Each structure stands twice: as C-alpha cells, then as structure tokens.
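Trainee: The structure that follows is given in the form of structure tokens.
Protein chains: 4
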Amino acid sequence: MISVTRLDISDADILIGGAVAKANALGVPMCIAVTDEAGQLMAFCRMDGGKVTSTTIAIDKAFTAAGAKKATHEYGIASQPGAPAYGIASAIGGRLMVVGGGYPVLVDGKAVGGIGVSSGTPDQDMAVAQAGIEAFHKHV
Amino acid sequence: MISVTRLDISDADILIGGAVAKANALGVPMCIAVTDEAGQLMAFCRMDGGKVTSTTIAIDKAFTAAGAKKATHEYGIASQPGAPAYGIASAIGGRLMVVGGGYPVLVDGKAVGGIGVSSGTPDQDMAVAQAGIEAFHKHV
Amino acid sequence: MISVTRLDISDADILIGGAVAKANALGVPMCIAVTDEAGQLMAFCRMDGGKVTSTTIAIDKAFTAAGAKKATHEYGIASQPGAPAYGIASAIGGRLMVVGGGYPVLVDGKAVGGIGVSSGTPDQDMAVAQAGIEAFHKHV
Amino acid sequence: MISVTRLDISDADILIGGAVAKANALGVPMCIAVTDEAGQLMAFCRMDGGKVTSTTIAIDKAFTAAGAKKATHEYGIASQPGAPAYGIASAIGGRLMVVGGGYPVLVDGKAVGGIGVSSGTPDQDMAVAQAGIEAFHKHV
Chain A
2 MISVTRLDIS DADILIGGAV AKANALGVPM CIAVTDEAGQ LMAFCRMDGG KVTSTTIAID
62 KAFTAAGAKK ATHEYGIASQ PGAPAYGIAS AIGGRLMVVG GGYPVLVDGK AVGGIGVSSG
122 TPDQDMAVAQ AGIEAFHKHV
Chain B
2 MISVTRLDIS DADILIGGAV AKANALGVPM CIAVTDEAGQ LMAFCRMDGG KVTSTTIAID
62 KAFTAAGAKK ATHEYGIASQ PGAPAYGIAS AIGGRLMVVG GGYPVLVDGK AVGGIGVSSG
122 TPDQDMAVAQ AGIEAFHKHV
Chain C
2 MISVTRLDIS DADILIGGAV AKANALGVPM CIAVTDEAGQ LMAFCRMDGG KVTSTTIAID
62 KAFTAAGAKK ATHEYGIASQ PGAPAYGIAS AIGGRLMVVG GGYPVLVDGK AVGGIGVSSG
122 TPDQDMAVAQ AGIEAFHKHV
Chain D
2 MISVTRLDIS DADILIGGAV AKANALGVPM CIAVTDEAGQ LMAFCRMDGG KVTSTTIAID
62 KAFTAAGAKK ATHEYGIASQ PGAPAYGIAS AIGGRLMVVG GGYPVLVDGK AVGGIGVSSG
122 TPDQDMAVAQ AGIEAFHKHV
C-alpha cells in the first residue's frame, strides 16, 4: 500500500488567504479554488465581484494542475496548433484547463494539491495563484 | 430594473464558520457550500474527512435551496411516490436536491442566498446547515 | 416526404401571454417555456420572482410533452413504483419530466408544440400551462 | 450583504424586441437570449427560421457576457492560438462562448444582465445584439 501526503483544510485556507491578499492588492476580485492531490475540491472562494463564469474555471484549473502535476499554462504551450497536445483543451468534458492560473502545490517535489484562480487576465490569475502558494510555503 | 439584496463573501464565511463549529461538535466532518440568491456558488469547504461524493451534493443543495427559496427536505416530502412532485429529484441533470441539508438564507422573508451541507445523516446535515444560518443571524 | 404543422413564434408568444396572465391572477411568478413539435425551444420567460431552478424544469416539461405528445403528469402516474414506466424520470439525463405542468399543444388531435410551466405547486403549474393553451385556441 | 441592480422581465422584453426588429431589417431570423446579471436565463426567442443549433449558443453567449462582464468577441481575440486565453472556448462544459454576439448590458458601468444572439454571421449577431441594447437604453 501507499501513503499519500496532501493538503489539509487549514492549508487550503492559507492558500486562499494568500491569494485573496494578492487579489486585493491588484484590485481584481477573483475566484479561487483549492483541491487535494487527487484533484478533488477542498475549498473555494468567489470574492465579491469575482466572475460567475470563473467559478468552474477556477475549480477546473486546480483540478487540472493537481491531477496532472503541472501548471495549466504549460498545457497552454503544449496544446497550440501543431504542438503535441493540440486539442487537449476540450478533454474531460472541457475540464482540462490550458489557460494560466492553475498550479500544483509542491512539497519536496511532490504534488500535495492544486490551486486555481480565475477572473483576471491570465497573468493576474497566475500571480494570485502564486501568492497563495507562497503564503503556504511561508507557513509550512 | 430590479434591486436585489444578497450575501457578500464575509457573510458566506460566517455561514460556513457556524456550520463547521457545529460539525466539529457533532464529530462529523462535512462538506459545506454557500451560494448567492441566484444559486451561484460563493464559498465551499470540505472539512478533513468530509466525503468526496458530498462535494457536488452540498453545492447542489445550496443551489436548490437558494434557487427555489425552499428547504431541500420539503422537496423530499413533496416528491415521495404518489406525491405531486414525484420524480423531481432527477431534474436539472440531477442538481435538484430533495435530501435534507439545504436551506435558503432568509432576511426579512426574502432569500438572499443558500447553504447546503452533506456528509452526515440528513438530520446531521440539517442541524449543521441550521447552525450556519444561526451564526449568520447572530451577526446580522 | 412529410409535411409538419407546428407553432410559429407568434403562437408561442400567445401561449406565454395566456400563461403569464393566469400566473399573475394566481399571484405566483412562473417560468414558462414553449417548444415546437420537435421539442426544440422556441420561447421562454422567467417572470420576476420565478425560480432559477425552474428554468430548466419548465423547458424540459415542454420538451417532454411535445416530444412524447403526452402531458407530463401522465408520466407521473405511469412511473410510480411498480408501474410500467418506473424509473423513466431520470431518462435523457433527467430531461424526461414526470411532474405536472407540461402539455402538448394539440390541433386536430396532432401535437404542434409543447408548453411547460414551473415555479408553483404542480397544480398551479398545470393551471397556468392550460391557460396558455386556452389563449392559443381562442386565437386560432 | 450586497445590493445588486438587475434587469426585470420588461427590460428583457425590450432587449429582445429591439433585437428582433434589427433581425427583421437584416432579413436574418435569429435566436435571442437575455440573462440577468448572474447569468441566469430570463427570456428567449427563436424567430421563425432561427437555427435550432443556435438556441444553446445564444443562451451561452448571454451567460458568458453577463457572467464575465465582457463581450464574447473580446474572448475571441484573447483566445486565438498563441494568445493568453487560448483554450478557454471549451471551458465550463463548452458554455464559455468566444464567438461574437454576446454583450453585457451595462448601466452606469455595471453589468445588469446579458444578451446573446446567434443564427447569422458573427457580424450580424453582434449588430442584432447591439440593437437590442440600444432599444433598452432608449427606454431606460
């Protein structure tokens, strides 16, 4: 059998707290989702003014990053026309996200969860997700 | 045009906080979801040990209660074999929840959001959801 | 080849207008949908205060009634435990509605469309849908 | 709590009326959908000859525009190969529309709803949606 290390709900709250702080600093209300290492939703927050359409996108960015152990923008590069993963964006009923803003949460090189952010530009989404991860690493 | 009053994200956090406290008191880790009055997800928490299968159920209980302005267990009664709403449980792709644990959040008799809880027995889910609503009303 | 007679959009507006008038008389804001005889949506109206959860239900009641050429409450009877159509409520991804409020629109015994109503009790939904059909027949 | 202003059903009818008039002027029958600011469907009209395949597209254009507070053709530009939002078109089970014809309805710079049009070329869809919005602003 296998032992798995994953985020607990207090870790998820810290990830979201760090992301919210950055979103407030940028002045862009965001949807923020955290999944465990199995890609299953742990926590979600739609800040006041965050986009309704970004709810599922944030959840699916976290799902993709945790499940595939890869940042979603890496899929963005790999799925361009002519690239090897072209067409992957519509996989899993559209849940496989290739737009930036989803990252695996890594500890000792292993994915212990994922964070996904949506409502801003991809650059803003990525910065906010990274701020969540930084808050987590400061705490751990 | 119409003016509508709905929960903000700090209200949602208070609803979830009250529910988590009750779940801890009962010793049953829960999935807890809060939607706005339009049924759109605002916040979600899967406590450590909450059931993965309860994630969607909690979200859909909150959606049903907010959207229909009715507690989900009321649908449970109305949808028994021979009752008028028999068969409603599979509506909206199965999102229409008739199991107890979903309540509209009412202010001055109007729905301003919904809370949905899942992972325990329906009685436990209902008690935890009500504890969330009580915490909200203490605060408001 | 076959020639098909179906509602046009002005017929659909008359059906919805008759239903809205009855809903106002009852004091129950409703979701009202009209489909053509192929079950495809032609017109939809969510009155102010109509339930968000009733949007899909009204559309699917009209779809079921038009497509099956049968009132949805007839399926309610036929799908009770032990009855021949038991379990049909979850067919077509849950679109097959067995709760009252959906009727085929019949002309000379042939279905030319369907109307579906949701937000009240099944009895209210049925009365409002029938009022729509009566308005249509007065006009034709 | 938060107070939100949104379209009422008479506003939705004016939006659709303005769009239908323009569609008739162009000689192109259209599917036209209006949602509230939460992206929930309020009203829909498939003009005689409007495409059956455009029903969902019109509804999802309105949903996208209202929920993201952005015109759908803006996503079309941002989601081209190599652009930052490449791949977003298949998000939310394919509901995120990047083809022109969806606009938020703005009052004092805030989204109070959305309109989506489909059945013509994207340019025609956009012109018809804008005509709906113009009719609304003349009235308000």
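Protein chains in written order, with the working numbering: chain A, 2 to 141; chain B, 2 to 141; chain C, 2 to 141; chain D, 2 to 141.
By construction, the Cβ of each residue, glycine as well, lies at the ideal position given by its N, Cα and C atoms.
As the structure is a prediction and not an experimental result, all values here were calculated from the model.
1. Quick one: does V43 of chain B have its CB under 7 Å from some CB of chain D?
2. The beta strand (DSSP E) spanning T36 of chain D covers which residue range?
3. Got a sec: is the Cβ-Cβ distance from G115 of chain B to anything in chain C below 7 Å?
4. In terms of residues, what are the limits of the beta strand (DSSP E) holding T6 of chain B?
5. Determine, using beta carbons only, whether G101 of chain A and H74 of chain A come nearer to each other than 7 Å.
6. Cβ closer than 7 Å: which chain D residues qualify as neighbours of L8 of chain B?
7. Does any CB atom of chain A fall closer than 7 Å to the CB of R47 of chain B?
8. For V1 of chain C, count neighbouring Cβ atoms within 10 angstroms of its own Cβ and tell me buried if that reaches 16, exposed if not.
9. Do you know whose CA, among C:D124, C:V118, C:E135, lies nearest V108 of chain C's CA?
10. Any chance you could list the beta strand (DSSP E) runs of at least 3 consecutive residues sitting entirely within the stretch 19-69 of chain C, in chain order?
11. Within the same chain, show all residues whose beta-carbon is closer than 6 Å to that of T65 of chain B, passing over the 5 residues directly before and after it, in chain order.
12. Are the CB atoms of S120 of chain D and C46 of chain D nearer to each other than 7 Å?
13. Against chain B, with Cβ distances strictly below 7 Å, would A63 of chain D count as a contact?
14. Going by other Cβ atoms of all chains shown within 10 Å of its Cβ, with 16 needed for buried, is A26 of chain A buried or exposed?
15. Check distances from the C-beta atoms of the stretch 85-106 of chain A to those of chain D and list, in chain order, the residues that come in under 9 Å.
16. Tell me which residues share the same chain as T122 of chain C and place their Cβ nearer than 8 Å to its Cβ, disregarding the 5 neighbours each side in the sequence.
17. Ends of the alpha helix (DSSP H) at A72 of chain B?
18. For the beta strand (DSSP E) that contains V141 of chain B, what are its first and last residues?
19. Any beta carbon of chain B sitting closer than 7 Å to that of V35 of chain D?
20. What is the DSSP secondary structure of L107 of chain D, counted as helix, strand or coil?
21. From the beta carbon of V53 of chain B, is the nearest beta carbon of chain A less than 7 Å away?
22. Check for me: the alpha helix (DSSP H) holding I93 of chain C runs from which residue to which?
23. Is S80 of chain A helix, strand or coil by DSSP?
24. Examine chain A for any beta-carbon lying closer than 7 Å to the beta-carbon of T73 of chain B, and answer yes or no.
25. At a Cβ threshold of 7 Å, is P123 of chain A touching chain D?
26. With DSSP as the reference, label G129 of chain A as helix, strand or coil.
27. Can you have a look at A28 of chain C and say buried or exposed, based on whether 16 or more other CB atoms are within 10 angstroms of its CB?
28. Whole angstroms is fine: what's the gap from A13 of chain D's alpha carbon to E38 of chain D's?
29. Please go through the same chain and pick out, in chain order, the residues whose beta-carbon is closer than 6 Å to the beta-carbon of I58 of chain B, but skip the five residues on each side of it.
30. Residues of chain D with a CB under 8 Å from the CB of I17 of chain A: which are they?
31. Quick check: what's the CA-CA separation for I89 of chain C versus G83 of chain B?
32. Mind listing the chain C neighbours of P82 of chain B? Cutoff is C-beta to C-beta under 7 Å, in chain order.
33. Could you work out which residues of chain D lie near I60 of chain A, taking near to mean beta carbons separated by less than 9 Å?
34. Answer with buried or exposed for Q41 of chain A, where buried requires no fewer than 16 other C-beta atoms within 10 angstroms of its C-beta.
35. What does the alpha-carbon distance come out to for the pair V5 of chain A and I10 of chain B?
Mentor: This is what the structure holds:
1. Sequence check: residue 43 of chain B is Met here, not Val. Answer no: the Cβ-Cβ gap between M43 of chain B and chain D never drops below 7 Å.
2. 32-37
3. no
4. Start and end: 3-7.
5. yes
6. For a Cβ distance threshold of 7 Å, residue set M2 of chain D lies close to L8 of chain B, ordered along the chain.
7. Output row for R47 of chain B: interface = yes.
8. Not covered by the structure: residue 1 of chain C. The range shown for chain C is 2 to 141.
9. C:E135
10. Complete beta strand (DSSP E) runs here, min 3: 32-37, 42-47.
11. T73, L97, M98, G103
12. Annotated as distal: S120 of chain D and C46 of chain D, with beta-carbon spacing of 7 Å or more.
13. no
14. exposed
15. I89, A90, S91, A92, G94, G95, R96, L97, M98, V99, V100, G101
16. For T122 of chain C, where only same-chain residues beyond five positions count, there are no Cβ hits under 8 Å.
17. Taken as a continuous stretch (DSSP letters only), A72 of chain B belongs to no alpha helix (DSSP H), as it is neither H nor E.
18. V141 of chain B -> no beta strand (DSSP E), and no H or E assigned at all.
19. no
20. Of the three classes helix, strand and coil, the one that applies to L107 of chain D here is strand, per DSSP.
21. yes
22. 92-95
23. coil
24. Not closer than 7 Å to any Cβ of chain A, the Cβ of T73 of chain B fails to qualify, so no.
25. Yes, contact with chain D.
26. Strictly speaking, residue 129 of chain A in this sequence is Val, with Gly absent from that position. Looking at V129 of chain A - three-state DSSP - the assignment turns out to be helix.
27. The sequence as given places Gly at residue 28 of chain C; Ala does not occur at that position. Under this definition G28 of chain C is an exposed residue.
28. 12 Å
29. S119
30. Near I17 of chain A there are no residues of chain D at all, since even the closest Cβ is about 20 Å away, more than 8 Å.
31. Taken atom to atom, the span from the alpha-carbon of I89 of chain C to that of G83 of chain B is near 15 Å.
32. Simply Q81, P82.
33. Under the 9 Å cutoff, chain D gives no residues; its nearest Cβ is about 10 Å from I60 of chain A.
34. Residue environment: Q41 of chain A is assigned as buried (16 or more neighbouring CB atoms within 10 Å of its CB, all protein chains considered).
35. 33 Å
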